[in-house]
Each structure stands twice: as structure tokens, then as C-alpha cells.
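S.K.: Please read through the structure below; I'll follow up with questions.
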Amino acid sequence: MTTIGIPRALLYYKYYPLWITFFEEIGCQVVISRNSNKRILDDGVRNTLDEVCLPCKIFTGHTINLIEKGVDYLFIPRMKSVETKKSFTCPRLVGTSDVIYYSLRALNPPTILSPYVETYTHPLIEAYLEVGEALGVEKDRVEKALAKALEVQEKFTHFKKKAPSPHQIMKKLSTVNREFAPANIPPHIEDEGSDGKIKIALVGHSYVIYDPLISMNLIDKLTSMGIEVLTGEMLPEELLMQNYQEILKQMHWTYEKEILGAANYYLKDDQIRGLIYMSTFACGPASLVGEAILRQARKHQDKSFLALVVDEHTGEAGVMTRIEAFVDMIKRKEGAAHGN
Amino acid sequence: MEIKVSFPHMGNSYIAFRGLVAALGCTPVIPDRPNSKTVKEGSKVSPEAICFPFKINMGDFLNAFEKGTQVLVMVTGVGPCRFGYYGELQEKILRSMGYDFEIYIINQNSIVDIIKRLREMLGHKGFYRKFWRALRTLVNKSKTAHMIERMARETRCYEVNKGETTKVMNQCLQLVDQAKTFREMKRARKKAIRMFREIQVDKTRNPIKVAILGEIYVVVESSINFSIEELLGDMGVFVFQPSGLYEWLKHLVRLDFTAKKAVTLAKPYLKYTTGAKDQYTIGYTIKCSQEGYDGVIHLYPFTCMPQTMARTILDTVSRDYNIPVLNISLDEHSGEAGFLTRVEAFIDLLERRRVQRMQKASLLEARAI
Ligand code: SF4
Ligand code: SF4
Chain A
1 MTTIGIPRAL LYYKYYPLWI TFFEEIGCQV VISRNSNKRI LDDGVRNTLD EVCLPCKIFT
61 GHTINLIEKG VDYLFIPRMK SVETKKSFTC PRLVGTSDVI YYSLRALNPP TILSPYVETY
121 THPLIEAYLE VGEALGVEKD RVEKALAKAL EVQEKFTHFK KKAPSPHQIM KKLSTVNREF
181 APANIPPHIE DEGSDGKIKI ALVGHSYVIY DPLISMNLID KLTSMGIEVL TGEMLPEELL
241 MQNYQEILKQ MHWTYEKEIL GAANYYLKDD QIRGLIYMST FACGPASLVG EAILRQARKH
301 QDKSFLALVV DEHTGEAGVM TRIEAFVDMI KRKEGAAHGN
Chain H
1 MEIKVSFPHM GNSYIAFRGL VAALGCTPVI PDRPNSKTVK EGSKVSPEAI CFPFKINMGD
61 FLNAFEKGTQ VLVMVTGVGP CRFGYYGELQ EKILRSMGYD FEIYIINQNS IVDIIKRLRE
121 MLGHKGFYRK FWRALRTLVN KSKTAHMIER MARETRCYEV NKGETTKVMN QCLQLVDQAK
181 TFREMKRARK KAIRMFREIQ VDKTRNPIKV AILGEIYVVV ESSINFSIEE LLGDMGVFVF
241 QPSGLYEWLK HLVRLDFTAK KAVTLAKPYL KYTTGAKDQY TIGYTIKCSQ EGYDGVIHLY
301 PFTCMPQTMA RTILDTVSRD YNIPVLNISL DEHSGEAGFL TRVEAFIDLL ERRRVQRMQK
361 ASLLEARAI
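Structure representation (C-alpha cells):
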């Protein structure tokens, strides 16, 4: 069977159910790179230009992992736009496949399937027909596979909204699970009940906050400190889209809209005590969006705000100290508010 | 009432913008040419990780306020890069610092709105005539400035009296800047051509030829790139540099044919543009190699997204087309000494390569005899 390698980085964290289902439906075997670890990081850092963001470096590491596994194809789509009106992802996401090809040429990478996705000008199916053609799959089958894949993706989105904690989402993402394969939609998870816990919102790119290495397991750490964590993925899309404009009016980056929308929503939510914005150095969009969120957060004096910017040199101990101090401060404020 | 309008610097574009503002009947206020103070103060009020041009813009704005500006103009894109959001964030920051001003953020989406606002501000009477005149001035002046810059690049390496070209260039640019009517602009253009012709040159030289490519702002803004064009010209290097305001205007109306050709050349390496002019960088590198250039200097702001990608791919292009590329990223911490050393070493390398190539060629010739 033809094997398709998908790096477990960047947009994998958003679209993996779609991608896996699609390829399995057209009769391929999907291979996902292993979870981010030190080796993947080192490989990535060594083979990527220094000035590039950490998620892209990690992505290179994951690709190397797949090349070592000997897959027949790599799947790295060029994601220019994912909305029906004019909008963009990040410039780097458009160029990754070319950059990967040229920086890893010495390793003899397999053929890279890199369809162009720009949904405000071309319907999504065109991109997947391109893939089908490269793999010699008939049009019918591609269309059916995509329809099914979109359905599964929809279920994944739904699951994220209903998940009682981002921990559950992270677990789904970090085991190579087929749970979102068509026959195997997970049962709806009931809310565990979180009364009395302090709620903190965590916003940032999904491939930052859910990657155990980049995020240094932030979600788990907060949870173990007795905090209830909420992320942007857990909010309905409409809410995000209604909210981002209060921070930046002209926003054409889809994923940044989501982050801004989530940040603004949580800042206004009375139940939330603090907001953490996690990003990486050399991330282009973050340099703008981070500043905008910071300014918005200042308007909400009742909420504590923490901006965490990490890269491959960031020490875990330092981050831990800052998080502990942040949580302590919230707890203290909370105590004062309750008069003890 | 006098309306003072200001805009950030980008190379010599101030000449065309000054003309535009004046033609609209407002008073143009030109910030000082970006200098260490601009960079320092601009960086202080900007997000630390933002790309360099943003910070210099901020420095320009602060300087413009010192000069009593009430209205700012900022041209941005609606593209996928950070540039598209410069204006809005800059406005936010400046307002939070307590400045009171009006800002016109110009991009493809806002243009109709901008015209309406301008009409309100300047009065309806005869507005469209004034506006049309302003646009013509913009195009006319930027075109002449572009021509003068190109002549300077291509003359400097042949000049006999050191420094003459730069002097003439500055005089010519000043003429264009001062021209008020279209007739004066035309006269300035003619005079410039004449003045350049009078520069004494030694065309027997066979100079090293270098292209300067990369992110438009740092390529064009000489105060930030340590006047690289003059620096190279004074070393006797022939310089090609395709970007600038005029080229950008041509790009807006889709008349930039050479650039389009470059994009075609770049496609095998970078199929789709990621945002800004990354395909230009790659395409022009190929084109220059085919046209016998000796090397390429690739300039971009530190962490610039499209250009860092272009850089990774350029490594391969450079090998495939056998043309050396020097990559330099610039930010507020860049020092002149380090910059100079790298550029000089690069030109040395190009000279040595040329000598080697010539030796090889004459060896082959000798064998043939
Ligand atoms: S959004 Fe930031 S982190 Fe993501 S690819 Fe772009 S630069 Fe990298
Ligand atoms: S092209 Fe480079 S310098 Fe310009 S906005 Fe984009 S990242 Fe910044």
C-alpha cells in the first residue's frame, strides 16, 4: 500500500482528522511522525534557518523523522487561505513545502504532495483532485473521500467544543489515534463538573499550545496546579469571528482572527481569572497580535495577563517559575476578593 | 487653514509624496532622513519582535509630530504579510501615547473611503481636478526619481572623479523635488539626463556587476542599508536594483513586465508567492545569473517571513545557477563595521572568481591553439 507521511506539526493540529480520513479513504496508509522530542527538535534546528519560528523548525524535524521511516510520499499542502472570503494563513505556511524540499534535498526526500489551497478562489475539492491525480485515484473516489473526510473533521471540531478540558484534546492529538476514523467517532464526553476551580484561558496557535515540547506541557502543568484551562478551540467559530474586531479591525489572517477572538472573548468573560497568550519568537503574526492582545488586556484590570514567548533556548525552569508566580498572583487576588 | 501632512520615509519616495501632498493643497512635512535617533526612538515604542521597517516608520512619525504634523499618511498592503497591519497597530500605539492626529491608511480596500474623506477635508469644489493632478504628480516625480537613481547606479562605477555621480544625483533629485508644474518636471528630467551625460566616465573598465535584491524597504532606504549602492559604486561595482516606489506603482496597475518575467523564472523553485516579493528575489537572481552578473546581495529585515523563505531556497538557486549570494539581515542592532567587512569580503570573492574564470578561459584558448 502507498504510504503517506504527515508531519505531526503546524496544521496537523488543526486538520489531522481530515487528512488521515481522506488518505485512508482513497486506499493509502497514513504514517504520522512521532511525538515531538529532543531529537526531532535538534534535527529541525540544524536544518532550518536560525531566524525562522520554532514551529517551522520542529516541522522540519518531523519531516526528517518521516523520511527516515521511508514513506512513499510526504503530504505538505500549501495553505494560502481557508476561508470563503479573502483571507490568509501565515506566509510561512504557504512556502513550507518548497522550503522543506530545498533544505532537505540532501536527504533525498520522497515526492511531496503539496496541493494549493486557496478557498476564496478555488473550491477545496480542486486541491484534493490534484492529490488524487498524483496518486492515480479516480475522481469519484476522491470526491467521496473528501466528503467523508470533511464530515469527520466536522466531528472533531464538535468534539473540541464539547471537550471538558483541553487536556482531552491534547490527548487525542498526541496519540496516533484513529478515533476520528469514520467508523469510530468517540462518544460524547460529559462535563466532569469544575465547580470552584480557578479558570484560566490559554490562547495561541494550536500547534504551539498542544505540542508537548513547544508548550512544555503547559496545559498539564496548569491542570495539575488545580486550574481549569480553557482554550480558543473550545469556543464556537462564530463567537471568535464576532470578537476579533474589537482588538484589530483589519485582520486577514484566519488563525490570528481566532486567537484574537478567543482572547477578547475570554477577557470579557467574568468567570475567567487570567489569560495566557503563548507564542514563539520569530513568529511574524505574533509580533503584531501579541502587542494588540497586551493592549487589550490592559483595559481589563480585573484579569491577570501573561505573555509567554518561547523558542528552542527557553529553559523550562524559567517558564515554570513564571507560571507559578502567575497562578499564585491569581489565587492571592481571589483570596482577597473573598475577604480572607 | 493650513493642513500639515506627513508620511514615513522610504528611499527617495518623499519627493513624489511631497509633490502629491502639495498638489492637494496641503503642507507636506518631511521627517528627518532616518538616523540613529529615528531608529532608537522608533524601536522604543514598537513591539520588540516586529520587523524593522515598522520601527523606523514609528521613528518617522514621532519626528513628524515634533514638526507639528496633524495628519499622517501610511501606505500599507492588504497582502498576507505583516505590512498589511502596520497602520492599524501604529495608530493604536501613537494614540495610547497621547498624540492627537488624523491618519490615512491607504490600501486597496480603503481607497474609495480615503477619497471620500479627503474630499470632506479639502472641500468638494474642484476636488477631483486637484486629486487627478496630485496622482499625476506622484507618478511623474517617482518616475523621474527612479530614472535618476538608475543612471547613478550605472554611472558611478565608471566615474573618473570620485564622488561626482553622487553629487550630480543629489542635485538632480533636488531639481525634481523643487519642480512645481508639469513643465518644470519635464525640464528637470531633461536637465538630469544632460547632467549625467556630462559626468566624465571611463567605459574601458569592466566592472564587477552585482544585483541588490530582497525586501523593498531595506533595499531602498539608504540610511538603513548603509548607502549600499554608493558604497558599491565607489568600490567600482556596477549595481542593479529593481525595486522602488515607481516599480511598486507599476505593480499596482499590473504593468511591471520585467518583474512578471522574474516571477515566471522563480516558479520552479517557489510555486506560489508567500506574501511579499519573495518570488522576485529568486527570479531576479536567476535572471541576473543568466545576464552575466557576478553576484547578488540579498538584504532583508531580521526575521522577515517571505525573505527568510526566499533565503533558504536561494542557497539552492545559487548553486544551480552558479552565482554567489550574500545574505544580510538588518535590524536596529546592525553595525556598520560588520556590514562593511562582509560586503568588502564578498566583492573580493567575486573579483577572485572572475580572475580564475578568465585564467581558465585563456588556458582553454591556449590549448586550442
Ligand atoms: S504563524 Fe507564526 S508560528 Fe505559525 S508558521 Fe507563521 S510565523 Fe510560524
Ligand atoms: S515583508 Fe518582511 S519586513 Fe515586510 S512586513 Fe513582511 S515580514 Fe515585515
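Which chain is which? The protein sequence lines are A and H, in order.
With UniProt numbering, letter number 289 in the first sequence gets 289, and the count goes up by one each step, no holes.
With UniProt numbering, letter number 80 in the second sequence gets 80, and the count goes up by one each step, no holes.
Ideal Cβ positions, reconstructed from N, Cα and C, are used throughout, including at glycine.
1. For the candidate residues H:LYS141, H:ASN57, H:ARG367, H:LEU72, whose alpha-carbon lies nearest to that of THR27 (chain H)?
2. Taking C-beta pairs closer than 8 Å, name the residues in chain H that ALA282 (chain A) reaches, listed in chain order.
3. For CYS81 (chain H) and chain A, any beta-carbon pair shorter than 8 Å?
4. Less than 8 Å between the CB atoms is what I'm expecting for GLU228 (chain A) and LYS197 (chain A), so what's the real figure, rounded?
5. Going by the DSSP bridge assignment, what does residue 422 (chain H) pair with across the sheet?
6. Out of curiosity, what's the CA-to-CA distance linking GLU120 (chain H) and PHE127 (chain H)?
7. In chain order, what residues of the same chain lie with their CB nearer than 6 Å to the CB of ASN243 (chain A), ignoring the 5 residues before and after it?
8. Between LEU62 (chain H) and ALA336 (chain A), what straight-line distance do the alpha-carbon atoms span, to the nearest angstrom?
9. Interface residues of chain H around GLU291 (chain A) at Cβ under 7 Å?
10. Comparing C-alpha positions only, which one of A:GLY274, A:ARG295, A:GLY290, A:CYS283 sits nearest to GLU324 (chain A)?
11. For VAL220 (chain H), which residues does DSSP report across the bridge?
12. Would the beta-carbon of PRO115 (chain A) fall within 8 Å of that of TYR102 (chain A)?
13. Of all the beta strand (DSSP E) runs that stay within the bounds of the segment 94 to 179 of chain H, which reach a length of 3 or more residues?
14. Rounded to whole angstroms, what is the Cα-Cα separation between THR321 (chain A) and ILE330 (chain A)?
15. Pull up the CB-CB distance for THR273 (chain H) and VAL317 (chain H), whole angstroms please, since I reckon it's below 8 Å.
16. Would you say TYR85 (chain H) reaches chain A, if we count a Cβ-Cβ gap shorter than 8 Å as a contact?
17. Which residues in chain A have a C-beta closer than 8 Å to the C-beta of LEU270 (chain H)? List them in chain order.
18. Which residues of the segment 46 to 57 of chain A have a Cβ closer than 7 Å to any Cβ of chain H? Give them in chain order.
19. Using a Cβ-based criterion (distance less than 7 Å to any ligand heavy atom), does LEU93 (chain A) qualify as near ligand 1?
20. Just how far apart, CA to CA, sit LEU138 (chain H) and LEU20 (chain H)?
21. What are the complete alpha helix (DSSP H) segments, minimum 4 residues, inside the segment 240 to 300 of chain H?
22. Any beta carbon from chain A within less than 8 Å of PRO8 (chain H)'s own beta carbon?
23. Look at the alpha carbon of ILE193 (chain H) and the alpha carbon of LEU175 (chain H), and state the distance between them as a whole number of angstroms.
24. What is the DSSP secondary structure of MET74 (chain H), reduced to helix, strand or coil?
25. Can you pull the chain A residues whose beta carbon is under 8 Å from the beta carbon of THR316 (chain H), in chain order?
26. When burial is assigned at 16 or more other CB atoms within 10 Å of the CB, is LYS144 (chain A) buried or exposed?
27. If we define contact as Cβ-Cβ less than 8 Å, is ILE189 (chain A) a contact residue for chain H?
28. Under 8 Å, do MET251 (chain A) and GLY204 (chain A) count as touching if we go by C-beta distance?
29. What are the residues of the segment 248 to 270 of chain A that lie near chain H, defined by any Cβ-Cβ distance shorter than 7 Å?
30. Should VAL112 (chain H) go down as buried or exposed, given a rule of 16 or more other Cβ atoms within 10 Å for buried?
31. For chain H, check one thing: does any of its Cβ atoms lie closer than 8 Å to the Cβ of PRO182 (chain A)?
32. Output yes or no for whether 8 Å exceeds the beta carbon distance between TYR15 (chain A) and GLN168 (chain A).
33. Which of the three DSSP states, helix, strand or coil, is assigned to SER304 (chain A)?
34. Does any residue of chain H have a CB that is nearer than 8 Å to the CB of PRO123 (chain A)?
35. Counting Cβ pairs closer than 8 Å, one from the segment 157 to 166 of chain H and one from the segment 43 to 59 of chain H, do we hit at least three?
36. Could you tell me which residues DSSP pairs with TYR277 (chain A) in its beta bridges?
M.R.: Taking the structure as given:
1. Residue mapping note: residue 27 (chain H) aligns to position 27 of the second sequence, counting from 1. The shortest C-alpha separation from THR27 (chain H) is found at H:LEU72.
2. On the first sequence, residue 282 (chain A) is found 282 positions in, with the first residue counted as 1. Those within 8 Å of ALA282 (chain A) in chain H are ALA49, THR303.
3. As a working note, residue 81 (chain H) is residue 81 in the second sequence. Closer than 8 Å to some Cβ of chain A, the Cβ of CYS81 (chain H) qualifies, so yes.
4. Within the first sequence, residue 228 (chain A) is the residue found at index 228, counting from 1. Within the first sequence, residue 197 (chain A) is the residue found at index 197, counting from 1. Right, their Cβ atoms sit about 4 Å apart.
5. No answer is possible for residue 422 (chain H): the residues shown for chain H start at 1 and end at 369.
6. Taking the first residue of the second sequence as position 1, residue 120 (chain H) is located at position 120. Taking the first residue of the second sequence as position 1, residue 127 (chain H) is located at position 127. Straight-line Cα distance between these residues: approximately 10 Å.
7. Mapped onto the first sequence, residue 243 (chain A) falls at position 243. GLY261, ASN264, TYR265.
8. In the second sequence, the residue the question calls residue 62 (chain H) occupies position 62. In the first sequence, the residue the question calls residue 336 (chain A) occupies position 336. Distance between the alpha carbons of LEU62 (chain H) and ALA336 (chain A) is about 42 Å.
9. Position 291 of the first sequence, counted from the start, is the residue given in the question as residue 291 (chain A). Those are PRO47, LEU89, listed as they occur along chain H.
10. Here residue 324 (chain A) is taken as the residue at index 324 of the first sequence, counted from 1. GLU324 (chain A) has its Cα closest to that of A:GLY274, out of A:GLY274, A:ARG295, A:GLY290, A:CYS283.
11. Taking the second sequence and counting its residues from 1, the one referred to as residue 220 (chain H) is at position 220. Answer by DSSP bridge pairing: none, since VAL220 (chain H) is not bridged.
12. The residue you call residue 115 (chain A) lines up with position 115 of the first sequence. The residue you call residue 102 (chain A) lines up with position 102 of the first sequence. No, they are not a contact pair.
13. 102 to 106
14. Taking the first sequence and counting its residues from 1, one reaches residue 321 (chain A) at position 321. Taking the first sequence and counting its residues from 1, one reaches residue 330 (chain A) at position 330. Straight-line Cα distance between these residues: approximately 14 Å.
15. For the purposes of this step, residue 273 (chain H) is taken as residue 273 along the second sequence, with counting starting at 1. For the purposes of this step, residue 317 (chain H) is taken as residue 317 along the second sequence, with counting starting at 1. Incorrect: roughly 16 Å between the Cβ atoms, too far for contact.
16. Taking the second sequence and counting its residues from 1, one reaches residue 85 (chain H) at position 85. So, interface residue.
17. Within the second sequence, numbered from 1, the residue matching residue 270 (chain H) stands at position 270. Here the neighbours are GLY95, ASP98.
18. LEU49, GLU51, VAL52
19. Working through the first sequence from its first residue, we reach residue 93 (chain A) at position 93. Correct: LEU93 (chain A) has its Cβ closer than 7 Å to ligand 1.
20. As a working note, residue 138 (chain H) is residue 138 in the second sequence. As a working note, residue 20 (chain H) is residue 20 in the second sequence. LEU138 (chain H) and LEU20 (chain H): Cα-Cα distance of roughly 5 Å.
21. 245 to 252, 257 to 266, 278 to 290
22. As a working note, residue 8 (chain H) is residue 8 in the second sequence. By this cut-off, PRO8 (chain H) is not an interface position.
23. Reading the second sequence from its first residue, position 193 is the one you call residue 193 (chain H). Reading the second sequence from its first residue, position 175 is the one you call residue 175 (chain H). Approximately 12 Å, taken between the alpha carbons.
24. On the second sequence, residue 74 (chain H) is found 74 positions in, with the first residue counted as 1. Of the three classes helix, strand and coil, the one that applies to MET74 (chain H) here is strand, per DSSP.
25. Taking the first residue of the second sequence as position 1, residue 316 (chain H) is located at position 316. Correct list: TYR102, ARG105.
26. Position 144 of the first sequence, counting from 1, holds the residue named residue 144 (chain A). So LYS144 (chain A) counts as exposed.
27. The count along the first sequence starts at 1 and reaches residue 189 (chain A) at position 189. With a pLDDT of 46 at ILE189 (chain A), under the threshold of 50, the predicted position of this residue should be treated as unreliable, though the coordinate-derived value follows. No, ILE189 (chain A) lies away from the interface with chain H (no Cβ there is under 8 Å from its Cβ).
28. Here residue 251 (chain A) is taken as the residue at index 251 of the first sequence, counted from 1. Here residue 204 (chain A) is taken as the residue at index 204 of the first sequence, counted from 1. Not a contact, by the Cβ cut-off of 8 Å.
29. LEU248, LYS249, GLN250, HIS252
30. Within the second sequence, the letter at position 112 stands for residue 112 (chain H). Exposed, since its Cβ has fewer than 16 Cβ neighbours within 10 Å.
31. As a position in the first sequence, residue 182 (chain A) is number 182, starting the count at 1. In this prediction, PRO182 (chain A) scores a pLDDT of 48, lower than 50, which makes its location untrustworthy; the coordinate-derived value is nonetheless stated afterwards. No, PRO182 (chain A) lies away from the interface with chain H (no Cβ there is under 8 Å from its Cβ).
32. The residue you call residue 15 (chain A) lines up with position 15 of the first sequence. The residue you call residue 168 (chain A) lines up with position 168 of the first sequence. No.
33. Counting from 1 along the first sequence, the entry for residue 304 (chain A) is found at position 304. It is a strand residue.
34. In the first sequence, residue 123 (chain A) corresponds to position 123, counting from 1. No, its Cβ sits nowhere closer than 8 Å to a Cβ of chain H.
35. no
36. Position 277 of the first sequence, counting from 1, holds the residue named residue 277 (chain A). Note: TYR277 (chain A) sits in a beta bridge opposite A:VAL203, A:ALA307.
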